[in-house]
Ligand code: SAH
Ligand code: F3S
């Protein structure tokens, strides 16, 4: 889920329109995955009912909330620096300011934040945001407040998110929460709890509402979207105990995608993240069937070595992954695929690393998100395995993986030069105000002269040039979807 949010956006403040009559000021920023950014929109919605409007100015905030990430140690360090900054502003300029921690670090460190750090007044885990009004009342009365209870049911399906910092064109809609996979390196199952799915009707309603307000693209979010399963509520792992009627009327991910694509035929749909062991042929065929489901799959693999995949508790082999890739490319020839990789997982040898590089050669991913292994306390790998790959070896292997990915990205963008592609315009190009920036169905960024087009238009663009990450072209007219 760390994917589409680009690094520059990390920590970006989120601004919403002020609600009349609200007098308190909320400063909220988010780190980490798309789910955190989406959750902050839920939090802003809950607090807008409690008299808070958001502000960009830290100094004037009554309440500062930071939505945090625990996925790697570096992510936690970044948040700690921000907490120091808030405390400095509180001390020097605004002693009445209250400070709260949301998200995965809140869940992981729990009351430690209140006891040891003395840096925060409020600690709220990802499933407890509906309790915020009570918790804030406690804090306003001068007491510290904490709720880190994980839920079996909470999906926030009944809360209409306030779209923060929005371009008015693309939006995230979360469809599942939590993860049951227990990859041995990953802290998410501990911080976000067991996997549960959101009611399809509430998803469709949110999408219909976005369409009405002019949004053109929705990304369905979950730690493991392919494992989406609605059978009337409850945990995914309890599905076996469901009644025959519940089983017969259950909605899986392929069915949900089909419902979304049909509900809003002019809207584009993306989804993230897919887990190889849970992605079915049905999903791939549903993607192929609908022109408005984007031809892009984020399919993290983490390693190309069967031995390491097993140590990671990734429940598939290299060969099974290749079979899935072959099926995807056969059914959707124009598809783009991206990866997540971890370099230097405990016990990883040079041979294991070579297996990762050769897997990449086979797939030739369009994009990649690559990380050096970071031991997380409490995970199985953290408890049972020694973090024994030296830092400089991790770094060197990571560099090799990144260099190979750059080569493959360029190989893939070069193949698209000469094509005419449908692009949804999202914003001005970072490098030139005379150019638009949007994405094609494969999720590659396309930049082209603005002419008379505007944000939110679907435009056909003839691709004339490229770098490894960006396609450059010229618009040739509106697309039929416009
Ligand atoms: N299924 C989730 C995965 C979240 S974590 C999703 O929706 O994307 C995102 C990526 O961070 C993982 O795929 C993995 O490559 C990386 N990651 C997770 N834990 C890590 C760790 N302990 N060290 C390094 N990278 C890690
Ligand atoms: Fe983490 Fe594996 Fe789930 S990477 S989020 S435990 S699929």
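Residue numbers (the UniProt record's numbering): 1 to 482. We put the beta carbon where it would ideally sit given N, CA and C, even for glycine. The structure displayed is predicted, hence computed values, not measured ones.
(request) Inspect the beta-carbon positions of residue 83 and residue 61 and report whether they are closer than 8 Å. (result) no
(request) Answer with buried or exposed for residue 34, where buried requires no fewer than 16 other C-beta atoms within 10 angstroms of its C-beta. (result) buried
(message) Can you check which of these residues, 322, 259, 78, is closest to residue 70 by C-alpha distance?
(response) 78
(message) My assumption, with CB atoms under 8 Å, is that residue 388 sits in contact with residue 444. Please give the rounded CB distance.
(response) Not quite, the Cβ-Cβ distance comes to about 38 Å (not below 8 Å), so this is no contact.
(request) Could you check the C-alpha separation between residue 480 and residue 416 for me, to the nearest Å? (result) 20 Å
(message) Let me check you understand the geometry: is the CB of residue 419 closer than 7 Å to at least one non-hydrogen atom of the ligand F3S?
(response) no
(message) Taking 7 Å as the cut-off, is the beta-carbon of residue 223 closer than that to any non-hydrogen atom of the ligand F3S?
(response) yes
(request) Determine the extent of the beta strand (DSSP E) in which residue 30 is found, giving its start and end residues. (result) 24 to 30
(message) Does residue 71 come out as helix, strand or coil in the three-state DSSP assignment?
(response) coil
(message) I'd like to check one pair, residue 406 with residue 355: are the Cβ atoms closer than 8 Å?
(response) no
(request) Would you mind working out which of 441, 448, 424 sits nearest residue 435, comparing C-alpha positions? (result) 448
(request) Let me know the secondary structure DSSP gives residue 118 once reduced to three states. (result) coil
(request) Kindly list the residues whose CB is nearer than 6 Å to the CB of residue 353, restricted to its own chain and excluding five residues on each side of it in sequence; keep chain order. (result) 397
(request) Could you check which residue in 460, 260, 371, 421 has the C-alpha nearest to that of residue 400? (result) 371
(message) I'd like the ranges of any beta strand (DSSP E) spanning at least 3 consecutive residues and lying wholly in the segment 93 to 156.
(response) 98 to 103, 122 to 124, 145 to 147
(request) Determine the direct distance from the alpha carbon of residue 102 to that of residue 126, and round the result to whole angstroms. (result) 7 Å
(request) Tell me whether residue 109 is buried or exposed, calling it buried when 16 or more other Cβ atoms sit within 10 Å of its Cβ. (result) buried
(request) Identify, in the order they occur along the chain, each residue of the same chain with its Cβ nearer than 7 Å to the Cβ of residue 394, setting aside the five sequence neighbours on each side. (result) 343, 344, 372, 373
(request) Would you identify the three-state DSSP class for residue 332, choosing helix, strand or coil? (result) coil
(message) Is residue 340 near the ligand SAH - that is, is its Cβ less than 7 Å away from at least one heavy atom of it?
(response) yes
(request) Quick one: which unbroken alpha helix (DSSP H) runs of 4-plus residues sit fully inside the segment 248 to 289? Chain order, please. (result) 253 to 263, 281 to 289
(message) Between 301, 67, 23, which has its C-alpha nearest residue 191's C-alpha?
(response) 67
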